[in-house]
Amino acid sequence: MLRALTLLLALALGLPVNTAAADRIRVVATINDHRLLVEAVGGDLVEVDVLARPAQNPDDLEVRPSHMAKVRRADLLVINGLDVDAWVEAVVVGANNPRVVPGAAGRVDVSRGIPVLEVPTTKVDRSMGDVHPAGNPHYYLDPGLTPLTTGTILEALARVAPQHRATFEANRQAFLARVDAALAGWQRELSRFRGAPVVVYHKEWAYLLSRFEIRQVDTVEDRPGIPPSPGHLVQLIRRMRDERIKAILVSAWNDRRTAERVAAETGARVVLLAHGAGALKGTDTYFDFFDYNVKALIRALE
Amino acid sequence: MRRLIVVCLAAVVVTLTGSPASAQDVESLRREVEALRKQLQSVTERLQAMEARPAPPLPLPAAPAAPVAAPAPLAQAPAPTTTESSAPAPTLGDYARPHQPFSLAERRGPGQLLFDIGLSADLVANLTQRNVEQAQGGTFAGQENRFFPRAIELGLFGQIDPYARGVVRFEAGETVEDGERGFHVEVSEAHLTLLTLPFGTQLKLGRMLNRFGMLNQIHEDDLPQTDRPNVLARFLGAEGLNENGAELTWVAPLPVYLEALLGVFTGDNEAAFGRGSLRAPLLTARLRTFFELDEVSAIQLGISAAHGETPEEHRNTLTGVDLKYKLVPEGWRHPLLTLAGEALFANRKVDVTGDSDGDGIDDLRGTTTRKRWGWYAYAELQPWQRWAFGFRYDWTQYPTAPGSEWAVEPYVTFKPSDFLRFRLAYKHTERTHRVTGPDDRGSARVVDEILLQATFLLGAHPTDAF
Chain A
1 MLRALTLLLA LALGLPVNTA AADRIRVVAT INDHRLLVEA VGGDLVEVDV LARPAQNPDD
61 LEVRPSHMAK VRRADLLVIN GLDVDAWVEA VVVGANNPRV VPGAAGRVDV SRGIPVLEVP
121 TTKVDRSMGD VHPAGNPHYY LDPGLTPLTT GTILEALARV APQHRATFEA NRQAFLARVD
181 AALAGWQREL SRFRGAPVVV YHKEWAYLLS RFEIRQVDTV EDRPGIPPSP GHLVQLIRRM
241 RDERIKAILV SAWNDRRTAE RVAAETGARV VLLAHGAGAL KGTDTYFDFF DYNVKALIRA
301 LE
Chain B
303 MRRLIVVCLA AVVVTLTGSP ASAQDVESLR REVEALRKQL QSVTERLQAM EARPAPPLPL
363 PAAPAAPVAA PAPLAQAPAP TTTESSAPAP TLGDYARPHQ PFSLAERRGP GQLLFDIGLS
423 ADLVANLTQR NVEQAQGGTF AGQENRFFPR AIELGLFGQI DPYARGVVRF EAGETVEDGE
483 RGFHVEVSEA HLTLLTLPFG TQLKLGRMLN RFGMLNQIHE DDLPQTDRPN VLARFLGAEG
543 LNENGAELTW VAPLPVYLEA LLGVFTGDNE AAFGRGSLRA PLLTARLRTF FELDEVSAIQ
603 LGISAAHGET PEEHRNTLTG VDLKYKLVPE GWRHPLLTLA GEALFANRKV DVTGDSDGDG
663 IDDLRGTTTR KRWGWYAYAE LQPWQRWAFG FRYDWTQYPT APGSEWAVEP YVTFKPSDFL
723 RFRLAYKHTE RTHRVTGPDD RGSARVVDEI LLQATFLLGA HPTDAF
């Protein structure tokens, strides 16, 4: 009834209406990587929207009413968790959708069950920069965690639409088979760089690097989210020269000029990686995204 | 041992399904078991690597020329970086129990807080002419040429239960009343929001900053400029509408955002609606919409209305329109350009007084209707993440007295981090009438002010919206 009224209202206001999508499960994901996973598990049964655009940094997204409009109609809200999308609470409060409020069935935190990296073991405060007290939230950069993340997503979809559980499971298994094959290939390609040292601009690649056994030995920024001090850069340059580190990994919103300066002093390469699916040209699909990053790592370390 | 676990898991799955397995089911189960085996292997490998290494130090605050603590090497091993090495090794029982393996909540144990705490401190300095100080005619009346804590806020917020969210804010700051300086502490907000009402509605109950116009609901530390625009201070008072009552909102289930709001309040605002009784309540309404114009720009439009009675028991109706535009280039973490403005219109009955019998004392001669208005607009350019430059223009009539005033305020903002901000502004105000202070001292028709602001945040802070 409510959907019918909505449809009429939308038509009256001249808004675009997709009647074919009306019967599908409406899912909103906070980041694009989870959108792709939900689409892989949900298949044709889901219509997935995303809040943070692929090129945006989900860590400091500005909450907009357009986000609330998306969540207002959602049957399921998929969040990354671990504080990277903590802004979603403001979206939920402004969306007036009881299906996705904290504790509701139509809400899932994909980080549940993930072996979280870099969980601080001592007291943290903001003198350390923009630290994540719950641990590194960028687990979606590790394709090896896909069985866990898709499992969590499957359970959430099945809560919302239990009649489709078998379909979701079949979709998931088919997707995992593809991920398995691709992951084996990526691991094979990167195996010759096992143990190779790299420097990262910001500590967001921990999951990716640990999956492929590449060593993160230092960071360009000495504290997360705070521009590096000259003293730190001097130390970093000395270390990179001493240890002959070949690559500095950066994402689109890192300060490339600082990274380039360090690279120029040390003979290393600055390598732009995709911080999420769709963040760079040619990374729109789940597999293209990891392909891109694997190839970029190979180019950097060769 | 691992093989034994896999066999046990398979047995449990088969038992639970309880139906004769067809060849297809067996194949499906095999895949499931294989997936579980891989998950278990992945987790086990990580745990082993974590346990094999001592816990690395966390990054320390940088000291000039001091060696910087290196992040943990990812290793000799496929293992991740910072982890707990002192944690006891998980047992099979640990694996079997449903839990979040490494979450902060679990680590904190029973002592963890179930809500967020945040503190913001807003410190302001004002420099102006001596005559303006004597007349108390500056932006912060009675606090001219002073450095003072304007608002120190302690905020507690979080989920009350599955159905409601709560916010309580205590505010302290320096005040001046009848020439006496003091320090006030008050509950600036204490409200709950029922989140699970039907038909896309929410009900907010308690003491709150009313959602009237664009800036009224924004706390002092989050204002786009150091001070509230003159038009808001004149029509709503220096504190704005901060009322006790309820707001009901409805968000349309449409592709574009459309929010409608109705509010009922006691009416405790001395500048506009001060009856202080639900027998003559303050009623508010607001309609807000938002459009993403393209990938990089968006606009928000709002109209608001408030109707109630003044402390003199005369009706007062305020209506307002507001607009905000932002341009955020693709991949930027902050807006390059923000344009915003707001206009207020008042229709208010006021007493007409005059010395009708020549005894030197003003007598009440009846009432009349005053129709007054004012507006402000500002533009802010933020070419770098930490620096912003802005300009505000402000013009307003006085709500009851004759005359008007205008002001311009260029400003620059520097944010070393998301939790610390400094702002420097120059404000020039011109009034049609001279303002005099106590005992007719000073004059403040033309006011020049330097405003300095330092704001910091500790702990949690609610997310700022568009």
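Note that the protein sequences, when read in sequence, are chains A and B. Oh and the first sequence: position 29 is 29 in the numbering used here, straight run, nothing missing. Just so we're on the same page, the numbering used here is the position in the second sequence counted from 1, plus 302. Glycine included, every Cβ here is placed at the ideal spot set by N, Cα and C.
Asked: Are there 16 or more other CB atoms within 10 angstroms of the CB of Ala574/B, so buried, or fewer, so exposed?; Found: buried
Asked: Would Gln343/B pass as a contact of Thr528/B if the rule is Cβ separation under 8 Å?; Found: no
Asked: Any contact of the region 33 to 50 of chain A with the region 157 to 168 of chain A, i.e. 3+ C-beta pairs under 8 Å?; Found: yes
Asked: On a Cα-Cα basis, can you pick out the residue from His486/B, Ala443/B, Leu494/B that is closest to Ile462/B?; Found: Leu494/B
Asked: Does the contact criterion of 3 or more C-beta pairs under 8 Å hold for the region 193 to 201 of chain A versus the region 237 to 251 of chain A?; Found: yes
Asked: Given a cut-off of 8 Å, decide if Glu488/B and Glu476/B are closer than it, judged by their beta-carbon atoms.; Found: no
Asked: Would you mind sorting Ser191/A into buried or exposed? The rule is 16 or more other CB atoms within 10 Å of its CB.; Found: exposed
Asked: Enumerate in chain order the residues of its own chain whose CB-to-CB distance from Met128/A is below 8 Å, with the five nearest sequence positions on each side excluded.; Found: Arg223, Pro224
Asked: Which bits of chain A does Thr551/B rub up against, with CB to CB less than 7 Å?; Found: Asn96
Asked: Taking DSSP as the reference, what is the three-state secondary structure of Ile153/A?; Found: helix
Asked: Any beta-carbon of chain A closer than 8 Å to the one on Pro555/B?; Found: yes
Asked: Which same chain residues, not among the five before or five after Gly578/B, have their C-beta less than 7 Å away from its C-beta?; Found: Thr568, Gly569, Asp570
Asked: Report all residues from its chain with a CB closer than 6 Å to the CB of Thr715/B; omit the five preceding and five following residues, and keep chain order.; Found: Ala690, Arg725
Asked: Across the region 633 to 649 of chain B and the region 539 to 550 of chain B, are there enough close Cβ pairs to call them in contact, namely three or more that are closer than 8 Å?; Found: no
Asked: Quick check on DSSP: helix, strand or coil for Gly439/B?; Found: coil
Asked: Could you name the residues that DSSP lists as bridge partners for Glu482/B?; Found: Glu479/B
Asked: Measure how close the beta-carbons of Ser599/B and Tyr627/B come, nearest whole angstrom, since I'm counting them as under 8 Å.; Found: 7 Å
Asked: Would DSSP call Asp281/B helix, strand or coil?; Found: The question about residue 281/B has no answer, for chain B in this structure spans 303 to 768.
Asked: Mind checking Ala95/A: buried by the 16 CB within 10 Å criterion, or exposed?; Found: buried
Asked: Consult DSSP for Asn80/A and reduce its assignment to one of helix, strand or coil.; Found: coil
Asked: Per DSSP, which residues does Met128/A bridge with? Please list them.; Found: Answer by DSSP bridge pairing: none, since Met128/A is not bridged.
Asked: Please report how far the alpha carbon of Gly333/B lies from the alpha carbon of Arg215/A, in whole angstroms.; Found: Per the sequence shown, residue 333/B should be read as Arg rather than Gly. Rounded to the nearest angstrom, the two C-alpha atoms are 32 Å apart.
Asked: To which residues of the same chain is Asn57/A closer than 6 Å at the C-beta, ignoring the five residues directly before and after it?; Found: Trp253
Asked: At least one CB of chain A closer than 8 Å to the CB of Gln431/B: is that the case?; Found: no
Asked: Between Trp697/B and Trp677/B, which are expected to be in contact by the criterion C-beta below 8 Å, what is the C-beta distance as a whole number of angstroms?; Found: 6 Å
Asked: Can you tell which of Val262/A, Val100/A, Leu36/A, Pro162/A has the C-alpha that lies nearest to the C-alpha of Ala69/A?; Found: Val100/A
Asked: Does the count of Cβ pairs from the region 259 to 269 of chain A and the region 285 to 296 of chain A closer than 8 Å reach three?; Found: no
Asked: For a cutoff of 8 Å on Cβ pairs, would you count Val558/B as touching chain A?; Found: yes
Asked: Name the residues in the region 490 to 515 of chain B whose C-beta lies less than 9 Å from a C-beta of chain A; which are they?; Found: Thr495, Leu497, Thr498, Leu499, Pro500, Phe501, Gly502, Thr503, Gln504
Asked: Apply the 10 Å Cβ neighbour rule to Leu595/B and answer buried if 16 or more other Cβ atoms are within range, or exposed otherwise.; Found: exposed
Asked: For Leu439/B, which of Arg743/B, Pro555/B, Gly761/B has the nearest alpha-carbon?; Found: Correcting the residue identity first, residue 439/B is Gly in this sequence and not Leu. Comparing Cα positions, the closest option is Arg743/B.
Asked: Can you check whether the C-beta of Asn80/A is within less than 8 Å of a C-beta belonging to chain C?; Found: Among the protein chains in the structure shown, which are A and B, there is no chain C.
Asked: Closest Cβ-Cβ distance between Val108/A and chain B: below 8 Å?; Found: no
Asked: Please tell me whether Lys673/B has its Cβ less than 8 Å away from any Cβ of chain A.; Found: no
Asked: So with CB distances below 8 Å, who are the chain A contacts of Gln527/B?; Found: Near Gln527/B there are no residues of chain A at all, since even the closest Cβ is about 19 Å away, more than 8 Å.
Asked: Residue ranges of each beta strand (DSSP E) run of no fewer than 3 residues wholly in the region 503 to 552 of chain B, ordered along the chain?; Found: 503 to 511
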